[in-house]
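Undergrad:
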């Protein structure tokens, strides 16, 4: 963000809280704006750009190399809900896929999940975006994403239920066709 926009954002933050009858400490608007910049740092970055940024794939021979499922689980991230700008936290994301000529470096899966979450998001959309980026990189339609998270719009406002978790699953390709594969993925992510 350009410096003059940062200054304006800080001024507007102070004004917003003043309108709510809250006097902020002098440094708070600066810190708030910096936090929002960080939490939304991929807001205007497309899935294609994320794929280009983490593109570390390795070609495999599908005739001789394994086509077994690859699973990276318990990726801990957080995001902001686009409805309330409320934190989605204690979020664990698990990603599974069946390679189709290409495998992706394991750390790159973690990185792309983190990047996708640094947007104003819906939990369901996070899974869709992860699958979209994974398809670009792996050329595979057989991708599964499981997300479990707490939402501060449930825990800190509204119903005030601190134990409620939201679970979403999104699957494509062979995961939709094969009940055995789907159950294998879910079993893999549940086991420690």
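In my numbering, the protein residues as written are 857 to 1048.
Ideal placement from N, C-alpha and C gives every residue a C-beta, glycine not left out.
With a threshold of 6 Å on Cβ separation, who are the neighbours of residue 910 within its own chain once the five nearest residues in sequence on each side are excluded?
TA: Correct list, in chain order: 964, 967, 968.
Undergrad: Restricting to runs no shorter than 3 residues, where is the beta strand (DSSP E) found entirely within the segment 947-985?
TA: Entirely contained in the segment 947-985, the beta strand (DSSP E) runs reaching 3 residues are, in chain order, 958-960.
Undergrad: With distances taken Cα to Cα, identify the nearest neighbour of residue 1011 among 946, 862, 1002.
TA: Answer by Cα proximity: 946.
Undergrad: Thinking just about the alpha-carbon of each residue, which of 990, 977, 874 is nearest to the one in residue 944?
TA: Minimum Cα distance to residue 944 is reached at 977.
Undergrad: Determine the DSSP secondary structure at residue 898, reduced to helix, strand or coil.
TA: Coil, per DSSP.
Undergrad: Residue 972 and residue 983: beta carbons closer than 7 Å?
TA: In this structure, residue 983 does not lie closer than 7 Å to residue 972 by Cβ.
Undergrad: Would you please state the rounded distance, in angstroms, between the beta carbons of residue 1044 and residue 929? I believe it to be under 8 Å.
TA: About 7 Å; that satisfies the 8 Å criterion.
Undergrad: Determine the direct distance from the alpha carbon of residue 989 to that of residue 906, and round the result to whole angstroms.
TA: The straight-line gap from Cα to Cα measures roughly 7 Å.
Undergrad: Is the segment 946-960 touching the segment 1025-1045, taking contact as three or more C-beta pairs under 8 Å?
TA: Taking 8 Å as the limit for Cβ pairs, the verdict is that the segment 1025-1045 does touch the segment 946-960.
Undergrad: Would you identify the three-state DSSP class for residue 886, choosing helix, strand or coil?
TA: If DSSP states are grouped into helix, strand and coil, residue 886 belongs with the helices.
Undergrad: Could you pull the start and end residues of the beta strand (DSSP E) that residue 931 belongs to?
TA: Element bounds for residue 931: 926-937.
Undergrad: Residues in its own chain within less than 7 Å of residue 955 by CB, not counting five upstream and five downstream?
TA: Closer than 7 Å at the Cβ level, and outside the excluded window around residue 955, lie 916, 923, 926, 994, 996.
Undergrad: Kindly list the residues whose CB is nearer than 6 Å to the CB of residue 1004, restricted to its own chain and excluding five residues on each side of it in sequence; keep chain order.
TA: Around residue 1004: 948, 1021, 1023.
Undergrad: Report yes if the CB atom of residue 899 is closer than 7 Å to the CB atom of residue 975, and no otherwise.
TA: A contact, by the Cβ cut-off of 7 Å.
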